[in-house]
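Start counting at 1 in the sequence shown, then tack on 6, and there's your number in the working numbering.
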Amino acid sequence: MTLFRLDASIRTHGSASREIADIVEEEWLATHPGDTVERRHIGVDVLPAWAWAAAVTGATTVEEERTPQQREAIALAATLVDELLAADAILFAVPLYNFGVSQHFKTYVDLVTTDPRAAGGTPFLAGKPAVLATVRGGAYGEGTPRHGWDHSTPYLRRILADCWGAELTVVEREFTLAGVNPALDPFIEQAKQLHALALQAARVAGRALGALPDADRLATVGAGSGD
Ligand SMILES: Cc1cc2nc3c(=O)[nH]c(=O)nc-3n(C[C@H](O)[C@H](O)[C@H](O)COP(=O)(O)O)c2cc1C
Numbered sequence: 007m008t009l010f011r012l013d014a015s016i017r018t019h020g021s022a023s024r025e026i027a028d029i030v031e032e033e034w035l036a037t038h039p040g041d042t043v044e045r046r047h048i049g050v051d052v053l054p055a056w057a058w059a060a061a062v063t064g065a066t067t068v069e070e071e072r073t074p075q076q077r078e079a080i081a082l083a084a085t086l087v088d089e090l091l092a093a094d095a096i097l098f099a100v101p102l103y104n105f106g107v108s109q110h111f112k113t114y115v116d117l118v119t120t121d122p123r124a125a126g127g128t129p130f131l132a133g134k135p136a137v138l139a140t141v142r143g144g145a146y147g148e149g150t151p152r153h154g155w156d157h158s159t160p161y162l163r164r165i166l167a168d169c170w171g172a173e174l175t176v177v178e179r180e181f182t183l184a185g186v187n188p189a190l191d192p193f194i195e196q197a198k199q200l201h202a203l204a205l206q207a208a209r210v211a212g213r214a215l216g217a218l219p220d221a222d223r224l225a226t227v228g229a230g231s232g233d
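Laid out in structure tokens, this is it:
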């Protein structure tokens, strides 16, 4: 069995999304001892920004007239889709940046979608169990001043579950910048609770990910502020 893990944090140390993903991975491995975890770190080993346009234009260019870049981009997109299709379970760890989806993850989605197997919202991951670990420095739940400003999480759900068809469980953590950004000092205690809840949710999600593929999954387990 194979778990495919994709990290989009630009950090390798002190990353809240990686902390959640590490727990999910640990729980998955506990039910699949000795099995394989394939990784891609798009926040650090970034996908080339030119690849998407090259893959799109390459797709409408006859094979013998494609540029080397178009060929490389098409092959890269195929590799990304191969990784997802080869996995028995998938783990995405994607933070919120600038109120939107990580540019590295958007590049990833755009490239994947150029592959004919994933084009046009094809649910090519239909039935495949997946966990999304997503984290935010602030809080965006109903009643907060920035409710509705998280333009990442709804997009991630739309793509991974609604378009690609994955059986998605979302583990969320908010206020990761409490204790770092002084403006969030009043929320330090709440942030600690949300942190603990997120780690618990990660254990539950990791165990479920390691269970039978058709096991009942929670739509969301997590520690958001109520959105
Ligand atoms: C460049 C940058 C932009 C960010 N933008 C936001 C933002 O718009 N809203 C927010 O709540 N947090 C924002 N954050 C905070 C991150 O979401 C937070 O630090 C998160 O924990 C990062 O993920 P990581 O811990 O896995 O690295 C931003 C962080 C960085 C580095």
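No residue lacks a Cβ here, since even glycine has one placed at the ideal position from N, Cα and C.
Values in this document were obtained by computation on a predicted structure and should not be read as measured data.
Here's the rule: buried if 16 or more other CB atoms are within 10 angstroms of the residue's CB, otherwise exposed. What is residue i?
i           : result
residue 222 : Residue placement at residue 222 is flagged as unreliable, the pLDDT there being 43, under the threshold of 50; a coordinate-derived value is accordingly withheld.
residue 110 : buried
residue 199 : exposed
residue 32  : exposed
residue 172 : buried
residue 176 : buried
residue 192 : exposed
residue 48  : buried
residue 56  : exposed
residue 201 : buried
residue 13  : buried
residue 207 : buried
Quick one: Cα of residue i to Cα of residue j, how far?
i           : j           : result
residue 79  : residue 203 : 40 Å
residue 189 : residue 143 : 11 Å
residue 127 : residue 82  : 19 Å
residue 131 : residue 165 : 11 Å
residue 225 : residue 174 : At residue 225, the pLDDT of 47 sits below 50, so the modelled position is not reliable; the number obtained from the coordinates is stated separately. Residue 225 and residue 174: Cα-Cα distance of roughly 7 Å.
residue 152 : residue 22  : 21 Å
Answer yes or no: the CB of residue i versus the heavy atoms of ligand 1, is any distance below 8 Å?
i           : result
residue 204 : no
residue 22  : yes
residue 142 : yes
residue 17  : yes
residue 161 : no
residue 105 : yes
residue 138 : no
residue 99  : yes
residue 146 : yes
Is the shortest distance between the beta-carbon of residue i and the beta-carbons of chain B less than 9 Å?
i           : result
residue 136 : This model lacks chain B altogether; it includes just one protein chain.
Open item on the list: Would you call the region 32 to 52 in contact with the region 61 to 75, where contact means no fewer than 3 C-beta pairs closer than 8 Å?
Closed with: Taking a contact to require three or more Cβ pairs closer than 8 Å, the region 32 to 52 and the region 61 to 75 do not qualify as touching.
Open item on the list: Does the contact criterion of 3 or more C-beta pairs under 8 Å hold for the region 180 to 190 versus the region 136 to 151?
Closed with: yes
Open item on the list: Within 8 Å, do at least three Cβ pairs link the region 128 to 142 to the region 20 to 35?
Closed with: Between the region 20 to 35 and the region 128 to 142, the count of C-beta pairs closer than 8 Å reaches three or more; the two stretches touch.
Open item on the list: I'd like to know if the region 90 to 98 and the region 7 to 20 are in contact, where contact means that at least 3 CB-CB pairs between them fall below 8 Å.
Closed with: yes
- [ ] Entirely within the region 38 to 94 and at least 3 residues each: give me those beta strand (DSSP E) ranges in chain order.
- [x] Runs of the beta strand (DSSP E) inside the region 38 to 94: 42 to 47.
- [ ] Write down every uninterrupted run of the beta strand (DSSP E) in the region 89 to 165 whose length is 3 residues or greater and which is fully enclosed by it, in chain order.
- [x] 95 to 103, 135 to 141
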